[in-house]
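Notes to accompany the following structure.
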Amino acid sequence: MKKTGVFICHCGINIAGTVDVKKVAEELAKHPGVAHAEDYVYMCSDPGQNLIIQAIKEKKLDNIVVACCSPTLHETTFRNTAKAAGMNAFHCEIANIREQCSWVHKEMEKATPKATKITKSAVEKVRTNEALEPLSVPVTRKAMVIGGGIAGIQASLDLATSGFEVILVERSPSIGGHMIQLSETFPTLDCSQCILTPKMVEVSKHPKIKLMTYCEVQEVSGYVGNFKVKILKKPTYVYADKCTLCDECTKVCPIVVPNEFDLGLTGRRAIYIPFPQAIPASYTLDDKNCPDPFTTIACGKCADVCKPKAIDFDMKPQIVEEEVGAIIVATGFDLYDKEKMAEYGYGKIPNVLDGLQFERLCSASGPTRGKILRPSDHKEPKEVVFIQCSGSRDPELHCPYCSKICCMYTVKHAMLYKHHVHDGQAYIFYIDIRSGGKGYEEFVQRAVEEDGVIYLRGKVSRIFEEKDKVKVWGVDTLTGKSVEIEADMVVLAMAMRPSKGAEELAKKLKIAMDKDGFLAEAHPKLRPVESVTSGMFLAGAAQAPKDIPEAVAQASGAASKAVTILSQERLFHAPTVAKVLKNLCTGCGMCVLVCPYDALALKDGKVEVNEVLCEGCGTCSATCLRAAIQVKNLTPLHVHEMIKACLGG
Amino acid sequence: MVNIQSLKEEARKCLQEGKVKYIIGYEKGADGWKANPAFIKKPEDVEKLIWDPTCFHNLARFLVDEKRRKAKEKQPDTRPVGVVVKGCDSRAVVILLQEKFIERNDVYILGLSCEKAGVVDERKLARKLDGKKPVKIELGEKDNFLVFTDDGKAEIPVREILAERCLECKANFPVISDVLFGEKTKREVLNPFQSIEKMESLAQEDKWNFWKQTLAKCIRCYACRSVCPMCYCDECVSDTINFAVTADTTAEEKAQKIKWLEKSPVLSENIFYNLVRAIHLAGRCIDCGECERACPVNIPLRLLNKKMEKEALKLFGYEAGFDPSQPSLISCFKDEDPQDFIR
Amino acid sequence: MDKILAKKDLSQWLKKLDSYDIYAPQKDEDQWTFSIVENSDAISLDYPNVVVPSKKVIFPQREFLLEFSQSNEKGYQIKEILPEEKSVIILGLRPCEGKAFSLMDRVFGGELKDPYYLKRREATTLISLSCSTPPSPHCFCLSVEGSPHSKEGLDVLLTDIGEKFYVESITEKGNRLIDQAKQVFHEPTSEERKKVEKIKSDAEKKIKREIKGLNNIPAKLKGMFDSPFWDEESMSCIRCGICTFLCPTCHCFDINDEVETSSPMLGKRVRTWDTCQFPDFTMHSSGHNPRPEKASRLRQRINHKFQYFVEVHQKYQCTGCGRCISLCPVGIDIIKVLEKVRDYGA
Amino acid sequence: MEDTFEPRIVAFLCKWCSSAGSDLAGVSRMEYPSNVTPIQVMCSGSVSPLYIFSALNRGADGVLVSGCHPGDCHYIKGNYYARRRLALAKKLLEHIGLEPERFQMSWVSAAEGQKYTQIIKELVRELKPLGPQTKLRRKV
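Residue numbers (our numbering), protein chains in the order written: chain A, 145 to 793; chain B, 46 to 388; chain C, 101 to 446; chain D, 38 to 177.
See below:
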């Protein structure tokens, strides 16, 4: 019979205060197979650990149980202790008698028997455990970053500077993301493009960064350290290396479509360069609009005028295959859908804009060259109403969460407006003002004091057009009076949503999303930049609404997390993975269907486990009707034995 | 009307051309009136084949034996086996395909449509005849069975002695077959879950008292699982020793056989066994009713399987045995699966 | 000792026997079962074969052999559990079941004595009812050295002669029961003696099924051990335990330790019915299974009953009750099988 | 009976949400009855109906299975499979006449120590009046 040692920790009075540790030790000493049971004031202390090592050696123990705090805290500690005594780490189990016992009960006569049961069940488990060694796999020392916004750019630069190759995949023709569309940034009001473009250039010049714009991730397989990625290279129909940026083509292109970069405030041609400082600096022929969807005629004028013959209508989509060891997802955000905010006339009334459109109006590179003119008649608006939480914090109709940055950028907008239109008046409807952040609160105060921005606490009930005005009806909940403003322009601080296609991508990557569709972190506090799938990391607004400094910080965090993988020759993977009892397997494939990681496959009528893909969740084993697939060290037998112990049976 | 001659012809053809290894069908049983499974190997033997309302057996069950036999053969004969199936049996074949236990070209399916009837319930019949010994049963013209007894002939309306499962049958003709005999006449089924609704209406304690009495009778002869085509596991989780063992099975592996329940035929263990069987058949049972028919102590086993069938449909819109390509009930889910029972 | 008992007096007689646990056939829905008599009206002596034979009373499907415990202080401890001292009557079993007990006596009471069986057997008195009409369409007792009124293994044999039972006490045990209620028994008249003989001989004529030339079969079986015949015959067998569990003569068992609690270790050693028809019956711990296919298991069942048992005890281990035939879900018919054996290769 | 009887409950907690949630209850020093003995599994999706039957067979008066909220599963979708599989098991147990309270399920996230505490309290409150679970319990 295997000899088990049991070590019960007092944790000062944390455990001993409500659990009679001596009694537990006595009870366990009677348990069949327990060759040694003792208690000590702090098992995790050096003397405590030494006493374990000693007992293992003297009593020639086969396995041990430490009854103490939650395994999330000291499991590693004691498994290392076991190793130090020449025991396999998996012959050590933790019985959680603190968080799940002593801390939640008051009476000793009740907590003690429970602690005993918990410990006995751990004894039964450890006795069933098999010795395991971590699985080791080589690492592809190369990373992929998905999304070329500020977060993606920052992460790529950090990784590249740390000496690792990076593939930066961006689905639009240029990197820059939403930040490049902004005019100034709060609270410093420095020009967004001026601080971003240097980074963009650095990306394009960096020898370790392979920039893949106008590309989309199509398929991801493999596992941490060894991902295989298929990337779809959409045809631009223009050879960047030949193009001289002479811009002759756009002059002759007959097709005009709304310009995404200006959010439809201006138009662009079917062949275009997204914006002057685009990276890569190259033209793209957008094949959704050329040949003209209606006439379906490709006029070919652009090709005719292109001296360097850079345009090729026969360019085809390509699939590029890459191997990477880590992936950073920085797919950013989109604004809440226009259609969904119809109640505020958004999308119907020309002078109702969203925040990004307003950014473009303020921007020197924008449609009005930085003059704030309203879209309908290019008059200077004298009264502008800004509405916060448009779509945010509205669980009934829209998004339940707070989009976090709106308070701040609305202040900024109001301020910028005043700087452009000195005799204008800015009103802001708000629920609360959330200005946590360095210099943020001061920024808000400045707006109120220096620029006379009027804050109205309340929600807007109705917005409608009357002659050339936009009427805004609302309530000021502080005075209780209803407010009516004849505005020239209304700006909605629209909620932030995960960018379109994020869900699809998450499915391809097999990473989880939260209820709002943002990518889920592995742990809300302790693992905020890791996804639930090892080797994949999160950065920027894809994970949750956040402002530029936060996005940049998280990007660097994600990059350094990725480095912890890329910097290693080999990776170690928990060996508690699924195993197949071939004699029992009938090859029905039910487990293959339920595996979240595609770690299982049928081969010659039996299922096989790809151990490095398996995360050991055990869904397969509960699905199997014949227990032919089981997770090592948490097999049905383990559970069976634990059930018996828990029930004193 | 199923023409038994054309079935015999097809069977003969298959055997003469060597298209099939052998044919699993029905023949007259020793007691002269009930059908028995028949294994026809020679063309001349096809004359034995019969089709009447006593063809209870789900012959798909024997595909399991065939697979085991083939696995042991040195040079296996890879020709398909011909199997005669009713509607329910065909759905069993679908499950075996869905679970990749057999491949489509392992079987040549001779489908028989039950048309307006199905199979009789021996116990109902016995009650009807009270004492009289039947010698032959035929499906009559006008929704009735012609029952010939040692003294004369009785005409009994189909509904009165038809097996419950046939009264509740969802597809009384094969859903998969290579040749089909008889018409695909869909019989009107008013309520496929009639039999369990009474049960469901009972109070918890009455339910319990019912099952307590019923399952106490179980003698664990395992006829229910032995007769079931879905119980094809080499080793059942309710077996107390492991015998899916090969030369390379380590002593440790053997020692790890879990004794979930005891061999003792006592209530608690009988319940455990029957719970395990019911849950393992959820989304797999196609209600051929063979377990209930085979049970020597009359345990109404369909009441367990039918409950799972009903819940699968009600909760998850899942029906077993119609599509071999669909994922099985518990290896898929829908985001909108009910969770009102979860806190 | 022959007596007459008016049917109406049966209940009186039973009242006198209230110190015994009396098992008798009682109807439960469509079936009859042997269960302890609570009130004598529930007894129905006019019944087809009881599905679970009365062997369950003397050779229960589950019985305790011993209890054990183990603790770090006391180590292992074992205590034998013998059947409780309780006199039992089985009333209304068929003569073939009585015969079955006489066969089982040879197994459990041979050179190796089984205290559990023997104690119960000793404490049990068998009051049988002879079959004036075959209780099963598949009765074939006459072919296996039995008869619808065989006294073998019985203590008392009742024969239904209309309003009355003709009572034949066969053993001392039997006499004791009758002595407990002398007043309700009468001496049979010569008519009644004639009548019972008539009824018995008529009963024999009513038995439809038989096997001819059974006496050559044991030898024949010996030669057929490796014959493909068994593969053919077993094709339709589904390897369930009905034929053997419900056979009044089958007596194979398995022994398991049922652990109540593992800390401290406490439990009982339990004997339960087992059957050669289960694949795990012959499973070796090595993983080798001498009877892996159902063919070998069907062969075992037939050979045991008609060869091995005959070689050891000069008796067929079959009473012709017909249960295995009528209850087999796939209609395997032991008579047909034996006839095929008889005619095999001829 | 009610005031003296202490139900024995086995709780299968998924490592990432419910077990973490119950740890949080501890860290926050919340108090709840000691009737529940937890068994930590990796994912609620790994809980086989057999585990529940076995616990009841071994004399549990109640069984709880707790996992991550839908969409929050550490293994992306394990809890969805659990939800489906265990719904069937629950229906089955109720079908044979077991009191519905005896087997329950909950979603408890790593942040929901309060909810875990609440659930245990309710569970015990509901089970006490039912008395010991003898229906499925083995008697050797």
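We put the beta carbon where it would ideally sit given N, CA and C, even for glycine.
Here the structure is a predicted model, which means the values were calculated and not measured.
DSSP assignment within the segment 533 to 619 of chain A yields the following whole beta strand (DSSP E) runs of 3 residues or more, N-terminal first: 569 to 574, 598 to 601, 604 to 610, 613 to 619.
With a cutoff of 8 angstroms on beta-carbon distance, C:Ile190 and C:Thr224 are scored as near each other. By a beta-carbon distance limit of 8 angstroms, A:Arg601 contacts A:Tyr574. Their separation comes to about 6 angstroms. Boundaries of the alpha helix (DSSP H) around C:Trp113: 110 to 116. Residue contact with chain B for A:Pro780: present (Cβ-Cβ distance below 8 angstroms to some residue of chain B). In the displayed model, B:Tyr153 falls within a strand according to three-state DSSP. Within chain A, the residues whose beta carbon sits less than 8 angstroms from that of B:His325 are Leu769, listed in sequence order. Contact between B:Pro369 and B:Gln143 holds: their C-beta atoms lie close to 4 angstroms from each other, under 8 angstroms. Judged by beta-carbon spacing, B:Leu348 lies beyond the 8 angstroms limit of B:Ile264, meaning their Cβ atoms are not closer than that value. The DSSP-derived three-state label of A:Met786 is helix. Excluding the 5 residues flanking it on each side, A:Lys166 has same chain C-beta neighbours closer than 7 angstroms at Asp183, in chain order. DSSP, read as helix, strand or coil, puts A:Met288 in strand.
For A:Asn777, the nearest beta carbon of chain B is not closer than 8 angstroms to its own beta carbon.
Boundaries for B:Lys173: no beta strand (DSSP E) harbours it, while the alpha helix (DSSP H) harbouring it runs 167 to 174, taken from the DSSP string. Interface criterion met: the Cβ of B:Gln384 is under 8 angstroms from a Cβ in chain D. Taking C-beta atoms as the reference points, D:Gly108 and A:Asp658 count as a pair closer than 8 angstroms. Along the segment 221 to 298 of chain B, the alpha helix (DSSP H) occurs as fully enclosed runs of 4 or more residues at 239 to 246, 249 to 261, 268 to 271, listed in sequence order. With its beta carbon less than 8 angstroms from one in chain A, B:Lys145 belongs to the interface. With a beta-carbon spacing of about 5 angstroms, D:Ser91 and A:Ile787 fall inside the 8 angstroms limit used to define contacts. The C-beta of A:Lys669 comes no closer than 8 angstroms to any C-beta of chain C. Each residue's CA atom was taken as its position, placing A:Ile353 and A:Ala287 some 10 angstroms apart. Shortest Cα-Cα distance from C:Phe240 to any of C:Ile434, C:Pro183, C:Phe285, C:Tyr217 involves C:Ile434.
Approximately 41 angstroms separates the beta-carbon atoms of B:Glu280 and A:Arg671; this is outside 8 angstroms, ruling out the contact. For A:Lys726, the CB contacts under 6 angstroms within the same chain, skipping 5 residues up- and downstream, are Lys750 in chain order. In the structure shown, C:Lys264 falls within a strand segment according to DSSP collapsed to helix, strand and coil. The criterion of a C-beta distance shorter than 8 angstroms is not satisfied by A:Pro740 and C:Met365.
Between the C-alpha atoms of B:Ile147 and C:Ile338 there is a straight-line separation of about 19 angstroms. Boundaries of the alpha helix (DSSP H) harbouring D:Ser91: 86 to 94, taken from the DSSP string.
Under the 8 angstroms criterion on CB atoms, B:Lys119 is classed as non-interfacial with respect to chain C.
Put simply, of C:Glu167, C:Ser135, C:Ser171, C:Lys186 the residue whose alpha carbon is nearest the alpha carbon of C:Ser119 is C:Lys186. At a cut-off of 8 angstroms, the C-beta of B:Gln249 has a neighbouring C-beta in chain D. For A:Gly510, the secondary structure class from DSSP, reduced to helix, strand or coil, is coil. A:Cys338 carries a helical assignment under DSSP once its states are collapsed to helix, strand and coil.
For B:Asp223, none of the residues of chain C pass the 9 angstroms Cβ criterion, the least Cβ distance being about 22 angstroms. By the 16-neighbour rule on beta-carbons within 10 angstroms, C:Ala142 is exposed.
Shown here, B:Glu335 sits in a helix according to DSSP, grouped into three states.
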